[in-house]
């Protein structure tokens, strides 16, 4: 029995050790010139790897840059409090030396002072954000646009206004003014065409844009900047 | 040679081979995990279940991400919709109507300086599905 155990052990170790030896051999360097060329290769690989990391980090930074925007609810020399679309209160810190402040108007930006920003203005701030405070690198005073879609539930031909109900169950009253750009979808050619107020019907779908100043007399009542009508006939085709 | 000796040698060889095979596979696995590409090119994420799930999504915007800051005057909007959908893209500066003949769309859309509120609405070919909307806020800011 002892003999059996001895032979068994020898056979086991002999066969079992073979693969480890083989895998070990693949990593062994064979000569000094090969080692040098390997080192040069490693240096070049490291350089490429570093460049890749730098590029990836830079791209990621560009992608991750975020801005916050909202109506100003409180002002002071170095701090603005804003209310965002989601009713969140955020603080925007202004650094007198580092923060640049601009007003955007007609596609142009003009540098302004912190003191020119008032309660009720709409601002965009960019910079690092910790908790609910943004340390602003840039502050832009801009206009707030609403872009909404809904179904027309009422056409007021005397007031030239439309009552619109959105999917979120919000109800808007929009005034159609002489400056309002009015278009309708041609259901055959699927091209937008000019339309008059008289052609708009209850049940049609409307896409509209409007400027929200935050100083409206009635909530959700705005003059429309432009409208696009999808006639109900499109859905019956 | 005795019968016991032959049995012992055979068993020893078999066990040795088993251990060798195990060690080789472990070594290969270790090697592969060390050489994993950093850009995740070989990452296998989508499953058949996920593909089916995506197929019924009426509007999926794959590019750009909401709230992104760019310095350009236009942006590429890419997404997935059901085939033959009608897409209306609206912002204060542009109204666009698209009829898709595939399940993807890809458009260049102009941007104004500042905040760009862009609403995408999809009307599926199947009118019973109704419409689906997504709003994007894109900031076109020349930060200098």
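Residue numbers (my numbering), protein chains in the order written: chain Z, 14 to 250; chain D, 78 to 221. The C-beta atom is built at its ideal place from N, Cα and C for all residues, glycine as well. Owing to the predicted nature of the structure, the values given are computational and were not obtained by experimental measurement.
{"Item": "Amino acids of chain Z, ordered along the chain, whose beta-carbon sits closer than 8 Å to that of residue 172 of chain D", "Value": "196, 205, 220, 239 and 241"}
{"Item": "Within-9 Å CB hit, residue 38 of chain Z to chain D", "Value": "Low local confidence applies: a pLDDT of 45 at residue 38 of chain Z is under 50, so the model's placement there is unreliable, with the coordinate-based value given in what follows. Output row for residue 38 of chain Z: interface = no."}
{"Item": "C-alpha gap between residue 128 of chain Z and residue 141 of chain D, whole angstroms", "Value": "35 Å"}
{"Item": "As assigned by DSSP and simplified to three states, the class of residue 106 of chain D", "Value": "helix"}
{"Item": "Best match in Z:123, Z:243, Z:101 and Z:54 for proximity to residue 200 of chain Z [C-alpha to C-alpha]", "Value": "Z:243"}
{"Item": "Chain-ordered chain Z contacts of residue 191 of chain D [CB-CB under 7 Å]", "Value": "117, 137, 153 and 155"}
{"Item": "4-residue-minimum alpha helix (DSSP H) runs that sit fully inside the region 140-226 of chain Z, ordered along the chain", "Value": "none"}
{"Item": "Cβ shell of residue 202 of chain D (< 6 Å), same chain only, five flanking positions each side left out", "Value": "161"}
{"Item": "Length of the line joining the Cα atoms of residue 170 of chain Z and residue 193 of chain Z", "Value": "15 Å"}
{"Item": "Residue span of the beta strand (DSSP E) that contains residue 223 of chain D, given as start and end", "Value": "Given a span of 78 to 221 for chain D in the structure shown, any question on residue 223 of chain D remains unanswerable."}
{"Item": "Spatial neighbours of residue 225 of chain Z in its chain, beta-carbon cut-off 6 Å, leaving aside the 5 residues before and after", "Value": "157 and 159"}
{"Item": "Contained beta strand (DSSP E) runs [length at least 3] in the region 65-128 of chain Z, N- to C-terminal order", "Value": "80-88, 92-96, 102-106, 113-118 and 121-124"}
{"Item": "Chain D contacts from the region 53-70 of chain Z (Cβ-Cβ distance under 9 Å)", "Value": "62, 65, 66 and 69"}
{"Item": "Listed by chain order, chain Z residues near residue 176 of chain D by CB distance under 8 Å", "Value": "203"}
{"Item": "Any chain Z beta carbon closer than 9 Å to residue 156 of chain D", "Value": "no"}
{"Item": "Neighbour list for residue 204 of chain D in chain Z, Cβ cutoff strictly below 7 Å", "Value": "248"}
{"Item": "Short CB-CB distance (under 9 Å) between residue 214 of chain D and chain Z", "Value": "yes"}
{"Item": "Rounded separation between residue 79 of chain D and residue 92 of chain D - CA only", "Value": "20 Å"}
{"Item": "Closer than 9 Å to chain D by CB, residue 145 of chain Z", "Value": "no"}
{"Item": "Boundaries (first-last residue) of the alpha helix (DSSP H) holding residue 197 of chain D", "Value": "Unbroken run through residue 197 of chain D is the beta strand (DSSP E), 191-200; no alpha helix (DSSP H)."}
{"Item": "Supposed close pair residue 107 of chain Z, residue 91 of chain Z - CB separation, criterion 8 Å", "Value": "5 Å"}
{"Item": "Check whether residue 167 of chain Z and residue 215 of chain Z have beta carbons under 9 Å apart", "Value": "yes"}
{"Item": "Beta carbon of residue 216 of chain D nearer than 9 Å to that of residue 137 of chain Z", "Value": "yes"}
{"Item": "9 Å Cβ cutoff, residue 169 of chain D in contact with chain Z", "Value": "yes"}
{"Item": "Any C-beta of chain Z under 9 Å from that of residue 186 of chain D", "Value": "no"}
{"Item": "C-alpha gap between residue 81 of chain D and residue 96 of chain D, whole angstroms", "Value": "23 Å"}
{"Item": "Alpha helix (DSSP H) segment containing residue 249 of chain Z, residue limits", "Value": "246-249"}
{"Item": "The region 117-133 of chain Z: positions lying closer than 7 Å to chain D by Cβ", "Value": "117, 120 and 122"}
{"Item": "Distance, residue 62 of chain Z Cα to residue 170 of chain D Cα", "Value": "43 Å"}
{"Item": "Straight-line gap, residue 126 of chain Z to residue 220 of chain D (C-alpha atoms, nearest Å)", "Value": "17 Å"}
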